[in-house]
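Undergrad:
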Amino acid sequence: MSFLIVNQGRYISHWVQALKEKKPDLDVRVYPEVGAPEDIEFALSWNHPLGAFKQFPNLKCIASTGAGVDHILRDPDLPEQVQITRIIDENLTRDMATFVLALVLNHMRDLSHYKALESTHTWKPKRYLRTEDVTVGIMGLGVLGSHTASQLVNLGFNVNGWARTGKELDNVTVYTGAEQLDTFLATADILVCLLPLTKETANILNKNLFEKLPQNAFVINVARGEHLVEADLIEMIDKGHLSGASLDVFREEPLPENHPFWSHPKVNITPHIASTTDPDSAVLQILENYERLQQHKPLINVVSRTKGY
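If you're matching positions, the sequence shown starts at 1385 in this note's numbering and goes up one per residue.
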């Protein structure tokens, strides 16, 4: 069984090294140098070229190198018999929670505002909020969202969550389904998107949703760029309904040089660095599934094609 990496330049050498260190005899091939296509039964992928997998008649598993699988499911030529898995890693989860905490605290204590004042040597203190004065609403309560919620609770924030199905989290009020979305939104001083990208969640961060947030609410998107209708965000900030946004993901990455987000004073940009998979940390679960496949055992961290996560 040959192991194929289709990773579009994303840490390819690091993955090869990590795989070889744990399993020296592993036949690792890097796309497009695939050798005999019929040898390939397991693929490790991030943002693969559409249609790339249909050439492998014996492919049985495609493993995402990250927590999301939308980059795989977007392929209309994805072989039907192939199982799809994702990474669930403590480092990935902890890194995301830490990053969201940083963005929440940066907004709450106006750090970006003071940074902007440095250029004009302006000394202008503002009254600040305390954690107990702020309600953070988290859209998406999977592994990443649930852990992020618990960390915010530990810091003293009021935390609400919204999910497709019911969840129970300590000290977090959870709203469920479309019928409770408006109630959830009305409570969120800071809205954090950690949803998986599916047909149902694409473009969910739009004008209609923003209008249901409290006046001066702040938006954080660390999920996928396709969740956000970009023009709607700018409109709602410029109208004064939203106080601003921190964005780590975009529809086009890298963000084009002429994009209006770059120059908007109330939009903070980071280059998709909230949480990235460390091959050294994640390689063992990848190899576990590789061996399970060889032994005809059920795989771990399998995702549903219909749900998209």
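Virtual Cβ for every residue (Gly too), placed ideally from N, Cα, C.
For R1511, count the other beta carbons within 10 Å of its own beta carbon; 16 or more makes it buried, fewer makes it exposed. Which is it?
TA: Its Cβ having fewer than 16 others within 10 Å, R1511 is exposed.
Undergrad: Over the uninterrupted alpha helix (DSSP H) stretch that includes A1402, give me the two end residues.
TA: That run of the alpha helix (DSSP H) goes 1396 to 1406.
Undergrad: From G1411 to L1668, what distance separates their C-alpha atoms?
TA: Before going further, note that residue 1411 is Asp rather than Gly in the sequence given. Cα-Cα distance, rounded: 16 Å.
Undergrad: According to DSSP, simplified to helix, strand and coil, what is L1557?
TA: Note on identity: in this sequence residue 1557 is Thr, with Leu being the wrong assignment. The answer is strand: DSSP assigns T1557 an E or B state.
Undergrad: Name the DSSP beta bridge partners of Q1467, please?
TA: Note: Q1467 sits in a beta bridge opposite C1445.
Undergrad: Mind the definition here: the region 1616 to 1630 touches the region 1471 to 1481 only if three or more C-beta pairs lie below 8 Å; say whether that holds.
TA: Not touching, per the Cβ criterion.
Undergrad: What are the residues that DSSP puts in a beta bridge with W1546?
TA: DSSP output for W1546 lists M1523, Y1559 as bridge partner(s).
Undergrad: Quick one: residues in its chain with C-beta nearer than 7 Å to the C-beta of T1571, no 5 flanking neighbours on either side, listed in chain order?
TA: If we look at T1571 and ignore the five residues flanking it on each side, its Cβ neighbours are T1519, G1521, N1544.
Undergrad: Specify whether the region 1625 to 1633 and the region 1647 to 1665 touch according to this definition: at least 3 beta carbon pairs, one from each stretch, less than 8 Å apart.
TA: Contact holds: three or more Cβ-Cβ distances are below 8 Å.
Undergrad: Does DSSP put L1388 in a helix, in a strand, or in coil?
TA: If DSSP states are grouped into helix, strand and coil, L1388 belongs with the strands.
Undergrad: Look at the Cβ atom of V1414, then the Cβ atom of L1443, and state whether they are nearer than 8 Å.
TA: No; because the gap between Cβ atoms is not below 8 Å, this pair is not in contact.
Undergrad: Does the separation of the CB atoms of I1589 and H1611 fall below 8 Å?
TA: The sequence shown places Leu at residue 1589, rather than the Ile named in the question. It is a contact, given that the beta carbons lie within the stated cut-off.
Undergrad: What do you get for I1389, buried or exposed, if any count of 16 or more other CB atoms within 10 angstroms of its CB means buried?
TA: Per the 10 Å Cβ criterion, buried.
Undergrad: How far does the alpha helix (DSSP H) with V1484 in it extend, from its first residue to its last?
TA: Start and end: 1474 to 1492.
Undergrad: Should H1505 be labelled buried (16 or more other beta-carbon atoms within 10 Å of its own) or exposed?
TA: Looking at its Cβ environment, which holds fewer than 16 other Cβ atoms inside 10 Å, H1505 is exposed.
Undergrad: Mapping the DSSP letters down to three states, classify A1629 as helix, strand or coil.
TA: Residue state, collapsed to three classes: strand.
Undergrad: Quick one: grab the DSSP three-state call for A1666.
TA: Correct three-state label for A1666: helix.
Undergrad: Near R1635, what residues of its chain come up, given a Cβ to Cβ distance below 8 Å and the 5 sequence neighbours on each side ignored?
TA: So the qualifying residues of the chain are G1609, E1610, L1612, E1614.
Undergrad: Tell me the rounded alpha-carbon separation between A1420 and Q1439.
TA: Near 10 Å, if we compare the C-alpha coordinates of Q1439 and A1420.
Undergrad: Please determine, among P1441, N1587, G1435, the residue with the shortest C-alpha to C-alpha distance to D1423.
TA: Taking only the C-alpha atoms, the option nearest D1423 is P1441.
Undergrad: Suppose the cutoff is 7 Å on Cβ atoms and the five residues either side in sequence are ignored; what does the same chain contact list for D1616 look like?
TA: Taken in chain order, the residues that qualify are N1590, K1591, F1594.
Undergrad: So what does V1651 bridge to, in DSSP terms?
TA: The partner list for V1651 (beta bridge, DSSP) reads A1629.
Undergrad: In terms of residue numbering, what span does the alpha helix (DSSP H) encompassing I1621 cover?
TA: Segment 1614 to 1622, the alpha helix (DSSP H) holding I1621.
Undergrad: Can you list, in chain order, the residues of its chain with a C-beta nearer than 7 Å to that of I1670? Leave out the 5 residues immediately preceding and following it.
TA: If we look at I1670 and ignore the five residues flanking it on each side, its Cβ neighbours are L1428, A1447.
Undergrad: How should P1663 be labelled, buried or exposed, when 16 other C-beta atoms within 10 angstroms of its C-beta is the threshold for buried?
TA: Classification for P1663: buried.
Undergrad: Taking 8 Å as the threshold (C-beta atoms), are A1533 and L1525 in contact?
TA: Yes, the pair counts as a contact, with Cβ atoms nearer than the cut-off.
Undergrad: When you compare the CB positions of A1601 and D1573, do they come within less than 8 Å of one another, or not?
TA: Yes. Within cutoff.
Undergrad: Give me the Cβ distance between L1380 and T1585, rounded to the nearest whole Å; I'm assuming they're in contact under 8 Å.
TA: Because the chain here runs from 1385 to 1693, residue 1380 falls outside it and cannot be looked at.
Undergrad: E1417 and M1385 - do their beta-carbons sit closer together than 8 Å?
TA: No, the pair does not count as a contact, with Cβ atoms beyond the cut-off.
Undergrad: Taking T1549 as the reference, which of G1561, K1499, L1581 has the closest Cα?
TA: Checking every option, the nearest Cα to that of T1549 belongs to G1561.
Undergrad: Please work out which residues of its chain come closer than 8 Å, Cβ to Cβ, to R1458, disregarding the five sequence neighbours upstream and downstream, and give them in chain order.
TA: So the list reads L1434, once near-sequence residues are dropped.
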